[in-house]
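Residues in the sequence shown are numbered consecutively from 1, following the working numbering. By construction, the Cβ of each residue, glycine as well, lies at the ideal position given by its N, Cα and C atoms.
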Amino acid sequence: MTQRLLTDAAADLAAGGVTARIMAGAERDREGTVPGLRFAGAVHRLVLEGRAPALAKHYPSVGGRPDLPRLWEDALPALTEHADVLRHRVGATVVQTNEPGRSAPLYGGLLVAAQEAARAAGRQVPFCVRLLEVGASGGLNLRPHRVGYRLGDGTVLGDPGSPLVLDPRWTGLPPADLTHRLRVVGRAGCDLDPVDVSTADGRLHLSSFVWADQLDRWKRLRAALELAAADPVPVDRSAGPEWLARQLARAERDVLTVVWHSVVWQYVSPADRAMGRAVLADAAAKATPTAPLALLVFEPRREVDHRFALMLKLWPAGISLSLGVGEGHGTPFTWNVTPWE
């Protein structure tokens with residue numbers, strides 16, 4: 001449905017229709033800011049707010065059923081009526097999916113990191129984890145230990161009593177002892193434009209970026225928001241490098257500090273990328289066997305057919321691994337350990 005909406009909107013844009021007015025100026029946006037998804041999110045938000053009733057009948061997220069041949073016919077009056085609102089939202093908004101399904105590869109990656117760091121330090125027990133997320137959006141992936149993960153054999157890893165129980169759709173398993181409990185002793189996140197999921201506006205903002213006809217993702221988000229309400233973790237408004245430097249200025253003994261980001265790198269400027277690498281390199285040089293550091297990322301990789309790779313670096317152990325690849329929403333995921341080169 002989203003594809004059809006964007007295809008018709010692109011034709012209207014080329015013809016100089018109302019979409020051209022809504023998207024005016026977007027052609028100057030930096031590469032990677034996906035203006036098409038911002039447009040789709042702005043339109044979806046109109047529907048969620050009850051401001052486009054004729055269009056709502058096409059949106060499963062509000063109980064509708066898509067009629068693709070008539071979608072644009074019913075969208076056009078809403079776009080025309082709310083063009084100024086849509087233009088403002090497209091221009092002022094960044095894509096904020098904050099997909100909770102990404103907690104599944106994160107959980108497995110953290111188990112591997114905690115156990116590999118312990119093995120390198122000669123410890124029998126995996127490290128506790130301090131999780132730092134850059135580009136955290138609403139912070140929905142800062143609770144991986146509070147989520148349940150139901151495997152194909154019925155086993156539930158993590159928290160089986162969680163309101164959010166994912167089907168991770170794993171092929172293979174993480175190269176770790178899955179009977180060990182993941183212990184998270186600290187969590188923090190930052191974002192240039194954080195979403196406060198404790199507010200109705202914040203929840204609506206995140207909901208608008210879930211494709212309206214993907215009801216499984218819609219249900220996951222609802223459950224993740226319920227979990228966030230029960231276990232709030234604030235997200236700091238800050239650029240990544242400066243925030244990370246402050247967080248990494250202190251190390252905690254017997255704790256593995258994990259820097260994590262997912263589907264964020266494309267939105268980061270070259271200058272901030274360079275600064276972030278420098279901050280991480282400085283902290284890595286100071287890491288010790290009793291206060292180790294990890295980088296865990298889930299980002300698109302061109303060399304794996306544009307799928308998303310989960311990659312891990314550990315200091316001072318010198319471990320550098322690609323743990324597997326999956327879809328951008330976190331599931332399904334195939335575990336396959338190779339060197340991260």
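Open item on the list: Within the continuous alpha helix (DSSP H) that includes E327, where are the two ends?
Closed with: Segment: none, E327 is in no alpha helix (DSSP H) and carries neither H nor E.
Open item on the list: Within a Cβ cutoff of 6 Å, which residues of the same chain sit near A223, ignoring the five residues on either side of it in sequence?
Closed with: P163, L164
Task: Neighbour-count burial assignment, V147, 16 or more Cβ in a 10 Å radius - done: Buried.
- [ ] Examine the Cβ distances between the stretch 237-254 and the stretch 262-279 and report whether three or more of them are shorter than 8 Å.
- [x] Counting Cβ pairs under 8 Å, three or more are found: they touch.
- [ ] State the beta-bridge partners of V184 as determined by DSSP.
- [x] Partner(s): V129.
Task: Cutoff 8 Å; reference G89; Cβ partners in own chain excluding five residues on either side - done: The identity of residue 89 in the sequence shown is Arg, whereas the question assumes Gly. Excluding residues within five positions, the ones whose Cβ falls inside 8 Å are R38, G41, A42, R45.
TODO: Please determine if the stretch 256-269 and the stretch 207-221 are in contact, where contact requires at least 3 C-beta pairs separated by less than 8 Å.
DONE: no
TODO: Could you tell me the distance, in whole angstroms, from the CA atom of D74 to the CA atom of M1?
DONE: 13 Å
TODO: Could you check what DSSP says for L76 in three-state terms: helix, strand or coil?
DONE: helix
- [ ] Kindly say whether P289, judged by its beta-carbon, lies nearer than 8 Å to any beta-carbon of chain C.
- [x] Chain labels in this structure do not include chain C; a single protein chain is all it has.
Task: Distance CB(A136)-CB(C190) smaller than 8 Å - done: yes
- [ ] Would you mind sorting R181 into buried or exposed? The rule is 16 or more other CB atoms within 10 Å of its CB.
- [x] exposed
TODO: Using DSSP bridges, identify the partner residues of S322.
DONE: Answer is M311, T338.
Open item on the list: For P300, report the span of its beta strand (DSSP E) as first-last.
Closed with: 293-300
TODO: For H261, name the three-state secondary structure that DSSP assigns.
DONE: strand
Open item on the list: Using a Cβ-Cβ cutoff of less than 8 Å, which residues in the same chain neighbour D236 once the five nearest sequence positions on both sides are dropped?
Closed with: For D236, where only same-chain residues beyond five positions count, the Cβ hits under 8 Å are A188, G189, C190, D191, P194, W243.
- [ ] Go through the stretch 181-258 residue by residue and report every complete run of the beta strand (DSSP E) that reaches 3 residues or more, in order.
- [x] 184-191, 235-237
Open item on the list: Between T334, A56, A9, Q124, which has its C-alpha nearest R307's C-alpha?
Closed with: T334
Task: alpha helix (DSSP H) runs wholly inside the stretch 8-93, at least 4 long, in chain order - done: 18-22, 35-48, 53-56, 68-81, 83-92
Task: K57 versus A78 - alpha carbon distance - done: 13 Å
Open item on the list: Just to confirm the assignment: which complete beta strand (DSSP E) runs, minimum length 3, are found wholly within the stretch 135-190?
Closed with: With a minimum length of 3 residues, the continuous beta strand (DSSP E) runs that stay inside the stretch 135-190 are 148-150, 156-158.
TODO: Just mark T93 as buried or exposed, buried being the case when its beta carbon has 16 or more other beta carbons within 10 Å.
DONE: Buried.
Open item on the list: Among the candidates R4, A274, A15, A245, whose CA atom is the shortest distance from the CA of A283?
Closed with: A245
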